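Residue 0 is where the sequence shown starts when you use numbering that gives the first Met the number 0, and the numbers rise one by one after that.
Here a beta-carbon is modelled for each residue, glycine too, at the ideal position from N, C-alpha and C.
This structure is a prediction, so every number in the text was calculated from the model and none was measured.
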Amino acid sequence: MHRLRHIEDNLTWLCKVPLICWHIIEWQLPDRSLRQYRLEQPISTSPPQWFSELHSINLRHQSKDWICKHEFYIKFWENRATWVVQGIPETRPMGY
Numbered sequence: 000m001h002r003l004r005h006i007e008d009n010l011t012w013l014c015k016v017p018l019i020c021w022h023i024i025e026w027q028l029p030d031r032s033l034r035q036y037r038l039e040q041p042i043s044t045s046p047p048q049w050f051s052e053l054h055s056i057n058l059r060h061q062s063k064d065w066i067c068k069h070e071f072y073i074k075f076w077e078n079r080a081t082w083v084v085q086g087i088p089e090t091r092p093m094g095y
């Protein structure tokens, strides 16, 4: 755990960005779990329709250049500092 201390309060945890691992892309949606960051949790909105397009990728009989295929998502990740979710600090005791 001592290795994690340097990223404990890092704003990367609050970035609404794609997490990329070769052909797999999953969106980190911190606005759906703001309470764990001690921020007020409003009612979440539905993710954009294009989120589901990523789950329709068929890998059979394909050899792809994933850097080119996912260029949009890579650029999104590289600009993650502009996608930090803002929230109102929770001032009341948080009941779980």
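- In the three-state reduction of the DSSP assignment, residue 18 falls in the strand class.
- In its chain, beyond the 5 residues on either side, no residue has a beta carbon closer than 6 Å to the beta carbon of residue 73.
- Residue 35 places its beta carbon 8 Å or farther from that of residue 14.
- For residue 29, the secondary structure class from DSSP, reduced to helix, strand or coil, is helix.
- Rounded to the nearest whole angstrom, the CA to CA distance from residue 93 to residue 69 is 39 Å.
- A distance below 8 Å separates the beta carbons of residue 17 and residue 75.
- In this chain, residue 36 is not harboured by any alpha helix (DSSP H), its DSSP state being neither H nor E.
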